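Those protein sequences? They're chains A and B, same order as listed.
Heads up: the first sequence begins at 1 in this note's numbering, then just goes up one per residue.
Heads up: the second sequence begins at 1001 in this note's numbering, then just goes up one per residue.
We treat Cβ as the ideally placed atom computed from N, Cα and C, and that holds for glycine.
None of these values were measured; they are calculated from a predicted model.
Below: the structure, in structure tokens.
Number of protein chains: 2
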Amino acid sequence: MINTIWWIVPLSALFALIMAYIFFKNMMKESEGTPRMKEIAQYVREGAMAYLSRQYKVVIKVFLVLIVLLAVLAYLGVQNPFVPIAFLTGGFFSGLCGYLGMKTATFASARTAHGASQSLNKGLKVAFRSGAVMGLIVVGFGLLDIAAWFWFLNDIIFSPENMTNGLSFLGLDLVHAGTDEHAKMIEITTTMLTFGMGASTQALFARVGGGIYTKAADVGADLVGKVEAGIPEDDPRNPATIADNVGDNVGDVAGMGADLYESYCGSILATAALGAALPGLAGDLQMKAVVAPMIVAAIGILLSVVGIFMVRTKESATQKNLLNALLIGTGGSSLLIILALVVLAYFDWITWGVLGSVISGLVAGVVIGQGTEYYTSDEYKPTRGIAKQAEQGPATTIIDGIAVGMFSTWLPVVTIVVGIIAAYGFSGGFQNFAQGVYGIGFAAVGMLSTLGITLATDAFGPIADNAGGNAEMSELPSEVRERTDALDMLGNTTAATGKGFAIGSAALTAMALLAAYMEEIRLWLGKVPEKGEEFLAVTGLDSLKDAGIKDFTDFYDLTIFNPMLLGGLFIGAMMAFVFCAMTMKAVGRAAGDMVDEVRRQFKSIPGIMEGTGKPDYARCVEISTKGAQKEMLLPSIIAIAVPVLVGIILGVAGVMGLLAGGLTAGFTLAVMLNNSGGAWDNAKKYIEKGNHGGKGSEAHHAGVVGDTVGDPFKDTSGPSLNILIKLMTMVSVVMAGLTVASSLF
Amino acid sequence: MINTIWWIVPLSALFALIMAYIFFKNMMKESEGTPRMKEIAQYVREGAMAYLSRQYKVVIKVFLVLIVLLAVLAYLGVQNPFVPIAFLTGGFFSGLCGYLGMKTATFASARTAHGASQSLNKGLKVAFRSGAVMGLIVVGFGLLDIAAWFWFLNDIIFSPENMTNGLSFLGLDLVHAGTDEHAKMIEITTTMLTFGMGASTQALFARVGGGIYTKAADVGADLVGKVEAGIPEDDPRNPATIADNVGDNVGDVAGMGADLYESYCGSILATAALGAALPGLAGDLQMKAVVAPMIVAAIGILLSVVGIFMVRTKESATQKNLLNALLIGTGGSSLLIILALVVLAYFDWITWGVLGSVISGLVAGVVIGQGTEYYTSDEYKPTRGIAKQAEQGPATTIIDGIAVGMFSTWLPVVTIVVGIIAAYGFSGGFQNFAQGVYGIGFAAVGMLSTLGITLATDAFGPIADNAGGNAEMSELPSEVRERTDALDMLGNTTAATGKGFAIGSAALTAMALLAAYMEEIRLWLGKVPEKGEEFLAVTGLDSLKDAGIKDFTDFYDLTIFNPMLLGGLFIGAMMAFVFCAMTMKAVGRAAGDMVDEVRRQFKSIPGIMEGTGKPDYARCVEISTKGAQKEMLLPSIIAIAVPVLVGIILGVAGVMGLLAGGLTAGFTLAVMLNNSGGAWDNAKKYIEKGNHGGKGSEAHHAGVVGDTVGDPFKDTSGPSLNILIKLMTMVSVVMAGLTVASSLF
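If you want it as structure tokens, here you go:
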């Protein structure tokens, strides 16, 4: 039976969803403003939904193929039989979050613009609460999925009767007769761990597809509209302008949400699996260790909601006031969570060590976020240095921006390393390795415990951006535009820190998954010889059945000297670079298609430039959608296939190398791409404020080149690496059975 | 006593030096041409020597500091007492190679130009044979240093009497009384291994300083001369033009030579150390295992000289003919080496497994070189794609170039991985780990066995480039310039493949050093408690003296899960990025100083633009020299200090992570930087040939931006990473005693 306090987990998940619904309803009560505002919002909404429905069609096809594959592997005895179904639920909920979050965002933009026409605080409130819908949906559905599966496996599948009699389904052995309680919990948690792959796969398409879409539309709109036709940004005469606004939602709302949904579930599930495997724990203590990460997450949800209510500002707010308003919300949530956990620790529900690990993760998240701000904000030296270099032309702008991005990696890397070691140490890793890695899992859970509110600050950005676009296209008074601009700038800052948060949490989650991968391998080493009769008979491995392999450490050389492992490390580092190359090239090609289409419309639609002919917005949305769908397929297949191939060819050691190499090089590269891109963007804006010659100067031209190079850096390739890192690990976890089976050759 | 066949080692080293001297003398017999040609050559020569003497002054200071440090550590018992002296000899010979090679190159340029005025073949021969001087000096001095130390340690220090009575010097225990023959050879080889650090440190300054110098001069000369003043490249009125020509020698001759000198010595020494530690070998067999890598290198030298004589061409040679002429030389050498080793294997002097490993390395070198050509030559799709993107402006040029560089990493990475595993497997690694890593060492030795001739093709490039500059400034007839241009283009191709070869061999050498690092740690684990009485007493570690630690694998957790190791991996990857950032920034600053100086001279020297006033070349050389010296210090200190600090803080596991992370991420990043830079360079040249609008078109402007961004990529930051990778490993090897001592806390 599950512990009573555990019920806080499903309840807080439901609470998050109810609050999300209330925020949504309140937002919908606001007026969308003038008919023109409604019309534009409607275009964006239609475009976003058109994109999503198309993406989901591709995702469904890929899911079907993967489910069949997983089912075949399950039938052969080298895959957990629950995985094909759980794969679906993870993917479904992730997709649902994207759908609802985007729907909310696209409903909110005109309302934010209208709110801003009343007051700045009103605009902030509408946009932020709408962003909170996304944040709460993600944590709500994430935790609900986890809670439901945990209850289902623990109370239904592994019911006392089934544990006595065993349970089979379609010839697959679901519960062994005579399973003991300890083994049961390990079985449940390692099974649940593999559920994350559905979320991972859907996140891959959302992040990569969304990233390609948004930049193809952005670059396409800018190149022809701003540069060739000389019309301003967000001008309704530009056929790509709606696609551009759609892109903000597609990339920054749905893509970011799916990314963090995956981290959220992955970190909780990995930590639970590590908790179940803690040596020397049994019965209630083992149960406590398993549900502890879920409970920390549940508390995080409740206090994130409190934080959301703390965000408000006064009318004459400066940029600093606005930023402070958000900081009070996120910082307040963090502090409250720590306080709540102190109480839990005091009542012995978690150890003080776990508390230390959670705090390590929370602090690391804050440091990475603030560090990102230093290297990308125009208030500090690095970005201003780039702006100064712009005086000497585009080449020096590019070199300096790349150097800034590369140099900036030191801070997040050192923070993650210190965070990992602190979390390991607090939980007693120097005495007991397993407890230490359990602590690393809690660092990830801790960092993500505030996700309800941090994601709200993220999703806020594109809503404010779209509100600005809406105000521009609807020709609202300039004071409204000024207010939406203030909100938009705030959104740019939160987007940069949000990217730092996303990659930081991806790294910690991948670390936890990496540790949990061991458990999966350990389990399969016991299982494959026992369970995979058919597979073993087919492959002639049945002679190994009685080999009596007890532990993977007896069996695999996982020291850093093993050439298989080193080979994996090389391939992991290379994967990060090749994946980036592919996504960058994809943006280039998709943007090229968009440029052709916009040029075609300018030529063939009469009166388009005079505002009498109506541009075909939908066509541009479709072009960008098609391009994104086409281009995301190859990198996606590679990201899924390489870990499987490395597992088959280089074995478990090779996979460990691949994951560690992909994680370390990918993290560093992602930070560099995010920060270079962010710094170029803000350097350009700094020049536009009138520095180094201002708009139209040589420096400005150079700054625009930097910004254009930075676009795919920070919005496509960099964020896509988060997914690559986690997905490769998740695929390895799910394919552990196959890897073990092939390593027994 | 050393085996008789071993004497081929010092003899072939001397042979290389004699041949180098003969080539040098023959070259000096050629005429330097007109007085004007002599004058210009003289300027370049003076500039190059001024640079070198200044650099050596800095290097000497750094060496003095490091020697004192090493001596103190030796006195405390955590450093090998020979290291301070050997550190000097390694550095001295490396520096000597740079000095002699540069001297040769600067004497050869005018003679090449004069030779080209007679015939293309004559020009090729003068330039190539002069390049061969550098190649032969490097392998000659490298192997001579190794042979001398081996003889000195084996026959003098570890003489039978000393082994019976023991040997002390200044209170330091050099030979234990009663050391057995087996332990003696391990002691000798691990001692020799640490000699590489002198070469490493000198290489660091040569590569980083040279890289900064050459690009500061190049960018400075171009920005003011070509862009602002509108005078052609290599125009004698440009004060920075001599500095630019000096830079080619400083970066590509001295820098490249020092880099490969280090790889050459490091790979041989590491393999010897791994050979000595092979389990179950004693007496003659152990001796054979130790000297085998030296003998392979010696054979490589002899057959490289044969290859050098095979390089010749006919008068009407096309670019392809010229390239073939070089290929016949390098390919011929490789084949002859393989044949010779087949004979050795047949007579049981090396195993067939070792032969397989050597071939793995040789083949990997060729594949990486040719792959580099594919991704950077304008005859293939990637570079042409960049040229096409240039039509759409600088931003897309940059994005596409970065994508090409990133994508191109797959080939060298896969090649290295396959090469490592093949070398490991051929030498029996799947049965016996130690034999496998010994095989990996031989892959490195194999790849570098042709160094005598491959370095000749490398050093040929800057000589031809300078010959072109000399012809231009001396206003020689256009047919001469055409011939030197043909040679220069050939030099550009060999420079690109040479960079691939340099990074590939750096990776394999670092792999071998990484494996040898274990041996060093193993040795120190035995020694620190025994020998470092004072150190242990001071640090309170003497209680550990009798801890009875036998083997590092009992003591250190070197599995990939250890958070210390993972932390090291993160830091290693980050080091590659931060080091790049620092060198890129350095180029920017040094180039800025140069721009200011050239502008000043254009303003203040009367008649300079009319050719009546004489520009102050020496001042520009000095500016660039000063800038390079100043800027190389900080990255150098970091490269040396970080491995030491990581060793003290994170221990042996952290160091292993650092080295593996730096190696894998650094290798991938270096390939990307080299190939992006090379592709941009050739894309620009492809446009200049009249494609996509040709010179002066929009596409050309964009191409120039790409080329300028690529300059520090391919000539400063990329090549510097070779050194970073090897130096961090070498520092760790040398500081193994300190790491072990501090890990005993």
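| task | Note down, one range per segment and in chain order, each alpha helix (DSSP H) of at least 4 residues found wholly within the region 608–634 of chain A. | result | Listed in chain order, nothing qualifies, since the region 608–634 of chain A has no complete alpha helix (DSSP H) run of 4 or more residues.
| request: Output the distance between the C-alpha atoms of residue 448(A) and residue 1085(B), rounded to the nearest integer angstrom. | output: For residue 448(A) and residue 1085(B), the distance between alpha carbons rounds to 54 angstroms.
| message | On the CB-based measure, 16 or more other CB atoms within 10 Å of its CB, does residue 205(A) come out buried or exposed? | response | Classification for residue 205(A): buried.
| request: Just the C-alpha distance for residue 1332(B) and residue 1296(B), rounded to the nearest angstrom, thanks. | output: The C-alpha of residue 1296(B) is placed about 16 angstroms away from the C-alpha of residue 1332(B).
| message | I want to verify the contact list: residues of chain A whose CB lies under 8 angstroms from the CB of residue 1563(B), in sequence order. | response | By Cβ distance, chain A contributes 420, 421, 424, 429, 436, 437, 440.
| field | Expected contact under 8 angstroms - CB spacing of residue 1515(B) and residue 1421(B) to nearest Å | value | About 14 angstroms separates the two Cβ atoms, so there is no contact after all.
| query | Taking C-alpha atoms, which residue in 1518(B), 1353(B), 1171(B) lies nearest to residue 1737(B)? | reply | Here the closest residue by C-alpha is 1518(B).
| task | Pick helix, strand or coil for residue 263(A), following the three-state DSSP scheme. | result | Here residue 263(A) sits in helix by DSSP.
| message | Taking 9 angstroms as the threshold (C-beta atoms), are residue 1036(B) and residue 1106(B) in contact? | response | No; because the gap between Cβ atoms is not below 9 angstroms, this pair is not in contact.
| Under three-state DSSP, which class holds residue 480(A)? | Correct three-state label for residue 480(A): helix.
| query | Counting only beta-carbon atoms, is residue 1566(B) nearer than 9 angstroms to chain A? | reply | Nearest CB-CB separation between residue 1566(B) and chain A: below the 9 angstroms threshold.
| message | Can you tell me whether residue 1168(B) is helix, strand or coil according to DSSP? | response | Reduced to three states, the DSSP call for residue 1168(B) is strand.
| message | Can you check whether the C-beta of residue 580(A) is within less than 9 angstroms of a C-beta belonging to chain B? | response | Taking a beta-carbon distance threshold of 9 angstroms, residue 580(A) counts as an interface residue toward chain B.
| task | Measure the C-alpha to C-alpha separation of residue 70(A) and residue 79(A) and round it to an integer number of angstroms. | result | Rounded to whole angstroms, residue 70(A) to residue 79(A) spans 7 angstroms at the Cα level.
| query | Where does residue 1303(B) fall in DSSP's three states? | reply | Helix.
| residue 1016(B) versus residue 1308(B): straight-line alpha-carbon distance, rounded | Per the coordinates, the alpha-carbon of residue 1016(B) lies some 12 angstroms from the alpha-carbon of residue 1308(B).
| If we cut at 9 angstroms on Cβ distances, does residue 1551(B) have a partner in chain A? | With a pLDDT of 43 at residue 1551(B), under the threshold of 50, the predicted position of this residue should be treated as unreliable, though the coordinate-derived value follows. So no, residue 1551(B) is outside the interface.
| Contact set for residue 54(A): own chain, Cβ-Cβ below 7 angstroms, skip 5 residues either direction | Shown here for residue 54(A): same chain residues with a beta carbon closer than 7 angstroms to its own, the five before and five after excluded, namely 625, 629 in chain order.
| message | Within 10 Å of its beta-carbon, does residue 1451(B) have 16 or more other beta-carbons around it, so buried, or fewer, so exposed? | response | If you draw a 10 Å sphere on the C-beta of residue 1451(B), you find 16 or more other C-beta atoms in it, and that means buried.
| said: Using the three-state DSSP reduction, which class does residue 1454(B) fall into: helix, strand or coil? | reply: Residue 1454(B) falls in the helix class under three-state DSSP.
| query | Grouping DSSP H, G and I as helix and E and B as strand, with all else coil, what is residue 729(A)? | reply | In the three-state DSSP reduction, residue 729(A) falls in the helix class (H, G or I).
| task | Kindly give me the distance between the Cβ atoms of residue 1671(B) and residue 570(A), rounded to whole angstroms, as I take these residues to be in contact under 8 angstroms. | result | About 11 angstroms; that fails the 8 angstroms criterion.
| request: Decide if the region 1469–1482 of chain B is in contact with the region 1382–1399 of chain B; the criterion is three or more beta carbon pairs, one per stretch, under 8 angstroms apart. | output: They do not touch, by the three-pair rule.
| task | Check whether the Cβ atoms of residue 1261(B) and residue 1051(B) sit closer than 9 angstroms, and answer yes or no. | result | No, they are not a contact pair.
| task | Please list the partners that residue 656(A) has in chain B, where partner means a Cβ-to-Cβ separation under 7 angstroms. | result | Simply 1560.
| said: In this structure, how does DSSP classify residue 1180(B) when only helix, strand and coil are distinguished? | reply: If DSSP states are grouped into helix, strand and coil, residue 1180(B) belongs with coil.
| query | Is residue 1524(B) close to chain A, meaning its C-beta is less than 9 angstroms from at least one C-beta of that chain? | reply | So no, residue 1524(B) is outside the interface.
| said: By the DSSP assignment, the alpha helix (DSSP H) with residue 1085(B) in it spans what residues? | reply: Residue 1085(B): member of the alpha helix (DSSP H) spanning 1083–1118, first to last residue.
| request: Please decide whether residue 137(A) counts as near chain B, where near means a Cβ-Cβ distance under 9 angstroms. | output: Answer no: the Cβ-Cβ gap between residue 137(A) and chain B never drops below 9 angstroms.
| query | Relative to the C-alpha of residue 623(A), which residue among 635(A), 591(A), 117(A), 640(A) is closest? | reply | The shortest C-alpha separation from residue 623(A) is found at 591(A).
| query | Among 1082(B), 1039(B), 1462(B), 1319(B), which residue has its Cα nearest to the Cα of residue 1247(B)? | reply | Ranking 1082(B), 1039(B), 1462(B), 1319(B) by Cα distance to residue 1247(B) puts 1462(B) first.
| message | Rounded to whole angstroms, what is the Cα-Cα separation between residue 615(A) and residue 102(A)? | response | Residue 615(A) and residue 102(A) have their C-alpha atoms spaced approximately 24 angstroms apart.
| query | When the distance is taken between beta carbons, is residue 1594(B) closer than 9 angstroms to residue 1229(B)? | reply | Contact: no.
| field | 8 angstroms CB neighbourhood of residue 38(A) in its chain, flanking five on each side removed | value | Counting only Cβ-Cβ distances below 8 angstroms, and skipping sequence neighbours, we find 32, 110.
| said: Would residue 711(A) and residue 218(A) be called neighbours here (beta carbons separated by less than 9 angstroms)? | reply: Closer than 9 angstroms, so yes.
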